[in-house]
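This report refers to the structure that appears directly beneath it.
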Amino acid sequence: MNDIVLGETVMRSGLMLAPMAGATDCSMRLVCRSHGAPYAVTEMVSAKALVRHDKKTAEIAAIHEGDSPIAVQIFGRDPADMAEAALRIATCDYNGCKTQIKPAAIDINMGCPVPKIVKNGEGSALMREPLLVYNIISACVRALDSSGTNVPLTVKIRAGWNNNRNADEIAKIAEAAGAAMICVHGRTREAMYAPPVDLDIIKTVKESVSIPVIGNGDIRSADDALRMIVYTGCDGVAIGRGALGNPWIFEEIRAAMSGVPYEPPTAMQRAEVALRHLDLMIKLKGSRTAMLEARRHLCYYIRGGHGSAALRAAIMKSSDFDEMRALILEFAKNR
Ligand SMILES: Cc1cc2nc3c(=O)[nH]c(=O)nc-3n(C[C@H](O)[C@H](O)[C@H](O)COP(=O)(O)O)c2cc1C
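The numbering of the sequence shown is this note's numbering, which starts it at 353 and goes up by one.
Pasting the structure below:
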């Protein structure tokens, strides 16, 4: 797989960690980066809230040292808000911006299926409105071009809205409006996250545009990634749920791409990385938030194998970090 050039950024091997609100925060991104994820996208950020100086939103958009190259993903439906948010993020000019690290890209969310978002005509609901898609993307591209930052605009879409599989039409519109890359999750909004992933629609999108196309959906192993790449001709792949508790998936895919053997982590290595992930969550989000969010992540690391269900249940019940650490180490020692 070739590198993808995106503005001033090189996306190594066309590999990226897909955005997952509530999961791919800075701590998970840093863990994935240390296991070969060359590029990541933030959790989605409300454009409207960012331009209205919402503090929590700014925290999601913030880029930390060591967490780049990264695209900041925005959602919304008002072209003016979207363009202003894109400009503010690209120029590191918003309330609560932590560093002066420029994003690799601004990504627009046109794939989110959740009712809270689509009822406002945002996320995947935008795929029903091709003209609005054009207006949003061109407004953002104009704003970014005027900023002199050389930050490109990318778009993440689904196969379509319910039965209308119009990802190729939306991709062509996005390209015409100035998007530099498209990521396609090969499922309709109606399908939510249910298998299978439609590889044909990813292939059709790839054949419809000249900008790089990233395929996405259900990649849990290097074999899955290679199958998608070979079948669809896509330029790269985005991994979401397959990286939960398994940041090594990036090393596995990179090894397969270079034809070198891949050695999966031992149980002790998995435990050590789980503990590192926990420590990063505590450091970056504070104990209170980490306590709410860490259990789920830790459970991902100890999936499979005899006794893991009982250990996961114990972690879910625990409200003590030291106890969680001991449970994780117990998992490793008994393997
Ligand atoms: C919990 C969760 C949160 C997600 N949040 C986002 C998001 O904020 N922005 C986005 O574009 N996609 C989001 N997605 C979709 C993923 O990026 C990805 O397209 C989808 O999970 C399919 O890829 P996968 O099978 O590799 O997980 C989310 C998915 C999940 C499961």
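Idealized CB from N, CA, C, for every residue including glycine.
{"query": "Between the CA atoms of GLU682 and GLY659 - distance to the nearest angstrom", "result": "10 angstroms"}
{"query": "Nearest to THR394 (by Cα), restricted to the options ARG541, SER560, HIS416", "result": "HIS416"}
{"query": "At least 3 beta-carbon pairs within less than 8 angstroms: the region 578-589 vs the region 550-559", "result": "yes"}
{"query": "C-beta contact flag for MET434 and ALA410 at 7 angstroms", "result": "no"}
{"query": "Any non-hydrogen atom of ligand 1 closer than 6 angstroms to ASP575 Cβ", "result": "no"}
{"query": "Limits of the beta strand (DSSP E) - the one that ASN461 falls within", "result": "457-462"}
{"query": "beta-carbon ARG593 near ligand 1 non-hydrogen atom, thresh 6 angstroms", "result": "yes"}
{"query": "LEU636 to SER420 span [Cα, whole Å]", "result": "16 angstroms"}
{"query": "N-terminal and C-terminal residue of the beta strand (DSSP E) that ILE415 is part of", "result": "That residue, ILE415, is in no beta strand (DSSP E); it is neither H nor E in DSSP."}
{"query": "Span of the beta strand (DSSP E) around ASN568", "result": "565-568"}
{"query": "Residue range of the beta strand (DSSP E) that includes HIS537", "result": "533-540"}
{"query": "Cβ separation of GLY473 and LEU505, assumed to be a contact under 8 angstroms, to the nearest whole Å", "result": "Actually they are not in contact, since the Cβ atoms of GLY473 and LEU505 sit about 20 angstroms apart, beyond 8 angstroms."}
{"query": "Any non-hydrogen atom of ligand 1 within 6 angstroms of GLU411 CB", "result": "no"}
{"query": "Start-to-end residues for the alpha helix (DSSP H) that takes in ALA526", "result": "519-528"}
{"query": "N-terminal and C-terminal residue of the alpha helix (DSSP H) that ALA370 is part of", "result": "Neither: ALA370 is in no alpha helix (DSSP H) and is coded neither H nor E."}
{"query": "7 angstroms Cβ shell around ILE469 - same chain, five flanking residues per side excluded", "result": "PHE427, GLY475"}
{"query": "Three-state secondary structure (DSSP) of MET363", "result": "strand"}
{"query": "Cβ neighbours of LEU382 in the same chain (closer than 7 angstroms, five flanking residues each side left out)", "result": "GLY418, ASP419, LEU632"}
{"query": "Where the alpha helix (DSSP H) through ARG628 begins and ends", "result": "619-637"}
{"query": "Straight-line Cα distance separating GLU615 from ARG579", "result": "20 angstroms"}
{"query": "ASP570 CB to nearest heavy atom of ligand 1 below 6 angstroms", "result": "yes"}
{"query": "Neighbour-count burial assignment, TYR545, 16 or more Cβ in a 10 Å radius", "result": "exposed"}
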